[in-house]
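**Q**
Chains as they are written, first to last, in our numbering: chain F, 1 to 367; chain X, 368 to 734.
(1) So is residue 579 of chain X buried or exposed if we call it buried at 16+ other beta carbons inside 10 Å?
(2) Quick one: is residue 369 of chain X buried, meaning 16 or more other Cβ sit within 10 Å of its Cβ, or exposed?
(3) Does the CB of residue 38 of chain F have a neighbour CB from chain X at under 8 Å?
(4) For residue 60 of chain F, go through chain X and note every residue whose CB falls closer than 9 Å to its CB, in chain order.
(5) Please go through the same chain and pick out, in chain order, the residues whose beta-carbon is closer than 7 Å to the beta-carbon of residue 202 of chain F, but skip the five residues on each side of it.
(6) In the structure shown, what three-state DSSP assignment does residue 227 of chain F receive?
(7) Taking Cβ-Cβ distances shorter than 8 Å, what residues in chain X pair up with residue 301 of chain F?
(8) CB residue 171 of chain F to CB residue 143 of chain F, shorter than 8 Å?
(9) Looking only at its own chain, which residues have a Cβ that is under 7 Å from the Cβ of residue 200 of chain F, when we skip the five neighbours before and after it?
(10) Could you pull out every unbroken beta strand (DSSP E) segment of at least 3 residues lying fully inside the segment 289-323 of chain F, listed in chain order?
(11) Taking CB distances under 8 Å as the criterion, tell me whether residue 680 of chain X reaches chain F.
(12) Grab the span of the alpha helix (DSSP H) containing residue 76 of chain F for me, first residue to last.
(13) Thinking C-alpha only, which one of X:401, X:622, X:648 is nearest residue 659 of chain X?
(14) Can you give the Cα-Cα distance for residue 492 of chain X and residue 85 of chain F, rounded to whole angstroms?
(15) Which bits of chain F does residue 537 of chain X rub up against, with CB to CB less than 7 Å?
(16) Starting from the N-terminal side, write out each stretch of the alpha helix (DSSP H) that is 4 residues or longer and does not extend beyond the segment 599-634 of chain X.
(17) Which residues in chain F have a C-beta closer than 9 Å to the C-beta of residue 677 of chain X? List them in chain order.
(18) Kindly give me the distance between the Cβ atoms of residue 359 of chain F and residue 156 of chain F, rounded to whole angstroms, as I take these residues to be in contact under 8 Å.
(19) Can you name, in chain order, every residue of its own chain whose Cβ lies under 6 Å from the Cβ of residue 732 of chain X, other than the five neighbours on each side?
(20) So which residues of chain C does residue 653 of chain X contact, with C-beta pairs closer than 7 Å?
(21) Would you identify the three-state DSSP class for residue 567 of chain X, choosing helix, strand or coil?
(22) Please name the residue or residues paired with residue 46 of chain F in a DSSP beta bridge.
(23) Taking one C-beta from the segment 390-407 of chain X and one from the segment 421-434 of chain X each time, how about it: are there three or more such pairs within less than 8 Å?
(24) Report whether the distance from the Cβ of residue 227 of chain F to the nearest heavy atom of the ligand NAP is below 7 Å.
(25) Taking the alpha carbon of residue 393 of chain X as the reference point, which residue from X:682, X:446, X:496 has its own alpha carbon closest?
(26) When the cut-off is 8 Å and only beta carbons count, does residue 718 of chain X lie next to chain F?
(27) Got a sec: is the Cβ-Cβ distance from residue 274 of chain F to anything in chain X below 8 Å?
(28) Check whether the segment 217-227 of chain F and the segment 102-117 of chain F are in contact - that is, three or more C-beta pairs closer than 8 Å.
(29) If you reduce the DSSP assignment to three classes, tell me which class residue 337 of chain F lands in.
(30) Return the CA-CA distance between residue 160 of chain F and residue 282 of chain F, expressed in angstroms with no decimal places.
(31) Please identify, using Cβ separations under 7 Å, the residues of the segment 436-456 of chain X that lie next to chain F, in order along the chain.
(32) Select from X:439, X:513, X:449, X:590 the residue whose C-alpha is nearest the C-alpha of residue 489 of chain X.
(33) Does residue 239 of chain F get closer than 8 Å to chain X when you measure Cβ to Cβ?
(34) Given residue 354 of chain F, which residues of its chain have a CB within under 6 Å of its CB, disregarding the five upstream and five downstream residues?
(35) Closer than 8 Å between beta carbons: that is the criterion. Which residues of the segment 618-648 of chain X meet it against chain F?
(36) Taking the Cβ atom as the reference point for each residue, do residue 735 of chain X and residue 575 of chain X lie within a distance shorter than 8 Å?
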């Protein structure tokens, strides 16, 4: 039996509102939350968010209560803020912002999860998340094994970005040994997995990243064959230099001009994996379409979209393989960890300015 | 032993030039030719062409001499006029314009071809074409069987457009029974084959064409389920009406706005076949990139280019299948036949204004 309680929220610009939320018995713990107050036009600002506090609900029969440890901050979040049909429903106004994360079970009425378990689930940008039995299933909650990687790595190589890179590269990109694989956002969460995995599979790997530090890191630490600094010069010239036989696989995280530059350099039969288009997410005008798309025709090439949620059944296989590479040192990872729930609005923006260096993680609690 | 002869040519604007051409013994026959005089900027004009006349060469040992009967006029010709890297070399300035056609062998020093044989080959826009043994091979010359179709049909359903439609739809589009297949340029050479073949394979077929007459024809004569007249109203609204479950396969001959409209209407897992982009070929500005390409991501869809020359080994299989459909009445064809080599410059333009109704054929000689 649920009852309802009135929740009052305020935006940072001082506006107030309220809504009715289902209520079960509550604990004495206060849950701080970040909610979507307004849909952004262009870059998200602090006005798009509201900060709320409410008592933590007791988990219902079959449910669990999870304390958020770390949240994954991803470019895809920008899309979830729009009121547009996509692969997933938009976050509703006044809803807690959607976020995947790692948390600790602090109360359980479910035999599959014990107090103290570390779990991966759609926790939302909040300190605590209560799940019904149905929500546990829908959220794809699963127990993580901390021996396979750190919490931050479970949000990176062993988490959604790693799964995205793994299935996007292997199932959509179909890399063959000797292929030239190009990946944009090379130092980012998805890019670092894609590039290292392509190297392990016997490919030549050329990254595209912003700034000398990131480029040096993917070449010197991750073993990419080359990296083009898009902030320093012409990507087109860099591709010509580093991909003399053309590009066989392009894993695209950015869209925009860089996608066009790669299209102009495709090898016969190339595969482009469309994973994201971070350069376009804050546009106030239409998305920039790839004007060189007819290169697909000339080169008998393909451009295919992918969404990681289609591969959930096979996540365990990918996690096992990638954890093996982390363990034997063939794969490294880098995370950019920011602290505190309240920093969420500013932290998210680092993804779009390119300020983050490695997978961006918001640490909400240490344990 | 070849000798060389000086050939003088004139553009229609009165300029003259000359070049050296290899010469074997000549006949008394005069060969009228259309040559590329200048590369067009935007729409081709008469100034882009020169008209020349020269004696017909005797075919060398191993070669044949072919009299042109009919030539295929295709949107792809516009691309061949540009000095740009593509799937085939550009036509050189002062070269006879490239064209595929059907001709009659009138002299042969090759045991594979007899005088009187009807052959399909890259004849060029000229009345006669002499081939060395090497050129016979390179041009992919083959004997046609006039019992399987008319000469015009051998340039349409049984020719390059038919082959393009057949392999593009089946090998790249992978249609399944019950799929909704959309084809642009529906009344054109490729479109009519694609739509009818998709119907035969058990799909729902929606055409996009310009004008009521073309739309009525593909629905009433060819049996398409619906046709959207892009000149009469919104393609977007038409797609919404006629593709309530989305588009599973889109065979794109046109590019531009229509490609964007279809992208916005894709079904999950859709396949887009990029065959051409006639709306963009005469652009003086950059090609319009598909701004809705991220629909590929949302819908896990693919966009793949194809070039018909990749499938030459399998042409006989496709010709046999399509000729069977023509014979049993399951497939119809329509050709728009214009007369006379000298009409070539104006006839070509019909493709870009959409004036042609059916496969555009230039009849150079009746027999």
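Glycine is no exception: its CB is placed at the ideal position from the N, C-alpha and C atoms. All of these numbers come straight from a predicted model, not from anything done at the bench.
**A** Let's see:
(1) Residue 579 of chain X sits at position 212 when you count from the first residue of the second chain. By the 10 Å Cβ count, residue 579 of chain X comes out exposed.
(2) Here residue 369 of chain X refers to the residue found at position 2 of the second chain. With a pLDDT of only 36 at residue 369 of chain X, under 50, the local geometry of the prediction cannot be trusted, and the value read off the model is given with reservation. Answer is exposed; the Cβ neighbour count stays below 16.
(3) Numbered from its first residue, the first chain carries residue 38 of chain F at position 38. For residue 38 of chain F, the answer is no, since every Cβ of chain X falls outside 8 Å of its Cβ.
(4) Counting from one through the first chain, the residue named residue 60 of chain F turns up at place 60. The premise fails here: residue 60 of chain F is roughly 34 Å from chain X at the closest Cβ pair, so nothing lies under 9 Å.
(5) Here the question's residue 202 of chain F lines up with position 202 in the first chain. Counting only Cβ-Cβ distances below 7 Å, and skipping sequence neighbours, we find 177, 178.
(6) To locate residue 227 of chain F, count along the first chain from 1; it is residue 227. Strand.
(7) For the purposes of this step, residue 301 of chain F is identified with residue 301 of the first chain, where counting begins at 1. Simply 671, 672.
(8) Working through the first chain from its first residue, we reach residue 171 of chain F at position 171. Working through the first chain from its first residue, we reach residue 143 of chain F at position 143. Going by C-beta atoms, residue 171 of chain F is not nearer than 8 Å to residue 143 of chain F.
(9) On the first chain, residue 200 of chain F is found 200 positions in, with the first residue counted as 1. Taken in chain order, the residues that qualify are 325, 330.
(10) 302-305
(11) As a first step, residue 680 of chain X is located in the second chain; it is residue number 313 there, counting from the start. Output row for residue 680 of chain X: interface = no.
(12) Counting from one through the first chain, the residue named residue 76 of chain F turns up at place 76. Residue 76 of chain F -> alpha helix (DSSP H) spans 76-80.
(13) For this step, residue 659 of chain X is matched to residue 292 along the second chain. Ranking X:401, X:622, X:648 by Cα distance to residue 659 of chain X puts X:622 first.
(14) Working through the second chain from its first residue, we reach residue 492 of chain X at position 125. Working through the first chain from its first residue, we reach residue 85 of chain F at position 85. Roughly 51 Å between the two C-alpha positions.
(15) Taking the second chain and counting its residues from 1, one reaches residue 537 of chain X at position 170. Under the 7 Å cutoff, chain F gives no residues; its nearest Cβ is about 15 Å from residue 537 of chain X.
(16) 602-609, 623-630
(17) Residue numbering aside, residue 677 of chain X sits at position 310 when the second chain is read from its first letter. Result: 300.
(18) On the first chain, residue 359 of chain F is found 359 positions in, with the first residue counted as 1. On the first chain, residue 156 of chain F is found 156 positions in, with the first residue counted as 1. About 4 Å separates the beta carbons of residue 359 of chain F and residue 156 of chain F, which is inside the 8 Å limit, making them a contact pair.
(19) Along the second chain, one-based indexing puts residue 732 of chain X at 365. 436.
(20) No chain C is present in this structure, whose protein chains are F and X.
(21) The count along the second chain starts at 1 and reaches residue 567 of chain X at position 200. Residue 567 of chain X falls in the helix class under three-state DSSP.
(22) Mapped onto the first chain, residue 46 of chain F falls at position 46. DSSP lists no partner for residue 46 of chain F.
(23) yes
(24) Ligands displayed in this structure: none; no statement on the ligand NAP is therefore possible.
(25) Counted from its first residue, the second chain places residue 393 of chain X at position 26. Of the candidates X:682, X:446, X:496, the one whose C-alpha sits nearest the C-alpha of residue 393 of chain X is X:496.
(26) The sequence position of residue 718 of chain X within the second chain is 351, counting from 1. Not one chain F Cβ lies under 8 Å of residue 718 of chain X.
(27) Residue mapping note: residue 274 of chain F aligns to position 274 of the first chain, counting from 1. Closer than 8 Å: yes.
(28) Judged by pairs of C-beta atoms under 8 Å, the segment 217-227 of chain F does not touch the segment 102-117 of chain F, as fewer than three such pairs exist.
(29) Position 337 of the first chain, counted from the first residue, corresponds to residue 337 of chain F. Strand.
(30) Residue numbering aside, residue 160 of chain F sits at position 160 when the first chain is read from its first letter. Residue numbering aside, residue 282 of chain F sits at position 282 when the first chain is read from its first letter. Looking at the two C-alpha atoms, the distance is approximately 22 Å.
(31) Result list: 453, 454.
(32) Position 122 of the second chain, counted from the start, is the residue given in the question as residue 489 of chain X. Looking at the Cα atoms, X:439 is the closest of the given residues.
(33) Sequence index remark: in the first chain, residue 239 of chain F carries index 239 (1-based). No, no contact with chain X.
(34) For the purposes of this step, residue 354 of chain F is identified with residue 354 of the first chain, where counting begins at 1. Annotation for residue 354 of chain F: 210 place their beta carbon closer than 6 Å to its own, counting only its chain and skipping 5 residues before and after.
(35) 622, 627, 641, 642, 643, 644, 647
(36) Any answer about residue 735 of chain X is impossible in this case: the structure gives chain X only from 368 up to 734.
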